[in-house]
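Per our numbering, the sequence shown runs over residues 5 to 232.
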Amino acid sequence: CKEAGCALIGGETAEMPDMYAEKHYDLAGFSVGIVEREQVLPKMDAMQEGDQLIMLPSNGIHSNGFSLVRRIIKRENANLAGPTPYESQAKNLADSLLMGTRIYVRSMLPLAKKGLLLGAAHITGGGLTENIPRVLPSGLGAKIDLAQWETPPVFKWLQSAGNVKSGEMLRTFNCGVGMVLVVSQANVQEVLQTVRETEPGAAIIGSLFARKESCEQVVFANVDEILS
Numbered sequence: 005c006k007e008a009g010c011a012l013i014g015g016e017t018a019e020m021p022d023m024y025a026e027k028h029y030d031l032a033g034f035s036v037g038i039v040e041r042e043q044v045l046p047k048m049d050a051m052q053e054g055d056q057l058i059m060l061p062s063n064g065i066h067s068n069g070f071s072l073v074r075r076i077i078k079r080e081n082a083n084l085a086g087p088t089p090y091e092s093q094a095k096n097l098a099d100s101l102l103m104g105t106r107i108y109v110r111s112m113l114p115l116a117k118k119g120l121l122l123g124a125a126h127i128t129g130g131g132l133t134e135n136i137p138r139v140l141p142s143g144l145g146a147k148i149d150l151a152q153w154e155t156p157p158v159f160k161w162l163q164s165a166g167n168v169k170s171g172e173m174l175r176t177f178n179c180g181v182g183m184v185l186v187v188s189q190a191n192v193q194e195v196l197q198t199v200r201e202t203e204p205g206a207a208i209i210g211s212l213f214a215r216k217e218s219c220e221q222v223v224f225a226n227v228d229e230i231l232s
């Protein structure tokens, strides 16, 4: 709550012995926000070919794709309490895989309040492939260049250890991208200057293009060079 600048205003505890075994519990939550109607995102009617895509980096898996992660751990007989089989600051593999999802509120609010954003896609389950189209009109597509950011080692290990195809990686994991911002060309430099105060790794990773109905809405460049 402190990181996001929000208030925890209530909660309850329910005992359901027929549902949960001893020492097991389920924790769930949701958030509610308020926005002026003219500031609601995405602004699809204002988007056009040439608008830029800016990414905010993730710090790991971000709680998505764990069905596949568990299969890879089992297949590799990986020691969760042991060191990571890739470069990481985490003390062991479990801590690396379970690193808490980054919260982008403090980075996003200044941009939203200034009206600098046309759209924002949170890269959760479905990866880049399925989340970016949710903020785009049908007549526009996104071209993403994977060479514009450094894919974290954890994703390269998961792909190699699990023999996961590149397309499945991009459809399952964030691959190092936690948020994608849609920004007009006129606002790119102001957005980068503002967001890099909290997100120094923010970078332009692609742009929008006029899309025919037969074309995929997200296309990728340098896939074989980065995810192979």
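Even for Gly, the Cβ is constructed at its ideal location relative to N, Cα and C.
For a cut-off of 8 angstroms, the C-beta gap from Gly166 to Ile76 is around 4 angstroms, short enough to register as a contact. As the crow flies, the alpha-carbon of Val223 is around 5 angstroms from that of Lys147. The count of Cβ pairs closer than 8 angstroms, one atom from the stretch 161 to 181 and one from the stretch 121 to 131, reaches three, so the stretches are in contact. Listed as beta-bridge partners of Val222 by DSSP are Ala146.
Within the stretch 22 to 96, complete beta strand (DSSP E) segments of at least 3 residues are found at 56 to 61, given in chain order. A distance of 7 angstroms or more separates the beta carbons of Pro204 and Gly123.
Within the DSSP secondary-structure output, Leu212 pairs in a beta bridge with Ala146. Ala225 and Leu150 do touch by the CB rule: their CB atoms are close to 7 angstroms apart, below 8 angstroms.
When DSSP reads this structure, Leu185 sits in a beta bridge with Ile58, Ala124.
Look at Ala206 here: in three-state DSSP terms it is coil, with no helix or strand label. Of Ala85, Pro89, Pro21, Glu201, the smallest CA-CA separation from Val158 is found for Pro89. Below 8 angstroms, enough C-beta pairs join the stretch 35 to 55 and the stretch 186 to 202 to call them touching: three or more.
By the CB criterion at 7 angstroms, Met59 and Ile230 fall outside the cutoff. Rounded to the nearest whole angstrom, the CA to CA distance from Asn68 to Gln163 is 15 angstroms. In the structure shown, the three-state DSSP call for Leu102 is coil.
With fewer than 16 neighbouring CB atoms inside 10 Å of its own CB, Asp22 falls in the exposed class. For the 7 angstroms CB-CB criterion, Arg106 and Asn63 form a contact. For Val199, the enclosing alpha helix (DSSP H) stretches over residues 192 to 199.
Distance from the CA of Arg74 to the CA of Leu132, rounded to the nearest whole angstrom, comes to 21 angstroms. Exposure of Ile13 is indicated by the presence of fewer than 16 other C-beta atoms within 10 angstroms of its C-beta.
Excluding sequence positions up to five before and after Arg200, its CB lies within less than 6 angstroms of the CB of Ala206, all in the same chain and listed in chain order.
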